[in-house]
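Numbering-wise, my numbering puts 428 at position 215 of the sequence shown, and it's gapless, one number per residue.
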Amino acid sequence: MASAALLAAAGLYGTYVGGLMPEVAQSVTARTGFAVDQVRIVGHRETSEIDLLETLDLTGWTSLVGFDVDDARDRVSSLPWIESASIRKVYPETLEIRIVEREPFAIWQQGSQLSIIGRKGNVIVPLTPGRHTDLPLVVGAGAAEHAAAFVDQIARHPELKSRVKGYIQVANRRWDLRLDNGMTVKLPETGVDAAIENLLRAEEESGLFKRQLAAIDLRFPDRMVLKLTPEAAEERQAALTKAGKKKPEKRT
214 MASAALLAAA GLYGTYVGGL MPEVAQSVTA RTGFAVDQVR IVGHRETSEI DLLETLDLTG
274 WTSLVGFDVD DARDRVSSLP WIESASIRKV YPETLEIRIV EREPFAIWQQ GSQLSIIGRK
334 GNVIVPLTPG RHTDLPLVVG AGAAEHAAAF VDQIARHPEL KSRVKGYIQV ANRRWDLRLD
394 NGMTVKLPET GVDAAIENLL RAEEESGLFK RQLAAIDLRF PDRMVLKLTP EAAEERQAAL
454 TKAGKKKPEK RT
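Put into structure tokens, the structure is as follows:
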């Protein structure tokens, strides 16, 4: 009986693709047990099942026989997270969707806009608050395109990488790093690795990252410039003022 129904459906499918009676083919095959009743989805993490099902535009009477998998694949592939998709029919009543999603690489901040980007700098979706908090933050108009190479470069220095919270591109030429203690490290345009080695050596010898510093400027090849936090600068100024007001002792 099932075989007879399958042969009948196959015959009606030939009529359908030939351009004759598409509504009849859809209706008859659906009523004889070939309506899409189940959708099996494999590979989705970021894309919701609801979005996928809405994109397929299924109804309770959608015929599996007449279902256009090529058109459905194109529609699924248009969803923002989808890198590639394949769809196949599993008779008598199932559609199987296998998708490969784009890999998120970083959060890109451009002005007040926050977006999830891939390694090539392509925008995937706007950032949803509270999501993807483990991704690095890259900031600047041209930062997305160059972020992967720079983040990989910093990763060669794990002692520094573990403390970086933000990668800020400055004037499309060089980068600043925002550390987990709020400190900014200003990197040079060239010689970045050598500058970082000098920084890590100074950290090991004198504990730079534990000091009350707002910024460490590494842009000069012959020196390292340290900028105090406003609080530390006020304390220093108060100490200098107090020392200047101290009267010299009288000699007898």
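Where is the CB? At the ideal position from N, CA and C, for every residue including glycine.
Item                                                                                                                                                                                : Value
Compare the C-alpha of Ala357 against each of Lys374, Arg369, Phe318 and Glu448 and name the closest.                                                                               : Phe318
Kindly list the residues whose CB is nearer than 6 Å to the CB of Arg286, restricted to its own chain and excluding five residues on each side of it in sequence; keep chain order. : Ala298 and Ile300
Going residue by residue through the segment 297-373, where are the continuous alpha helix (DSSP H) segments of at least 4 residues, counting only ones entirely within it?         : 356-368
Counting pairs of Cβ atoms below 8 Å between the segment 360-374 and the segment 409-416, do you hit three or more?                                                                 : yes
Is it right to say Gln251 is buried, meaning 16 or more other beta carbons lie within 10 angstroms of its own, or is it exposed?                                                    : exposed
Span of the beta strand (DSSP E) holding Thr268?                                                                                                                                    : Thr268 -> not in any beta strand (DSSP E); alpha helix (DSSP H) instead, spanning Glu262 to Leu269.
What number of angstroms, rounded off, separates the C-alpha of Gly273 from the C-alpha of His257?                                                                                  : 24 Å
Determine, using beta carbons only, whether Trp294 and Arg315 come nearer to each other than 8 Å.                                                                                   : yes
Just how far apart, CA to CA, sit Asp435 and Ile254?                                                                                                                                : 59 Å
Below 8 Å, can you find three or more Cβ-Cβ pairs linking the segment 341-355 to the segment 374-385?                                                                               : yes
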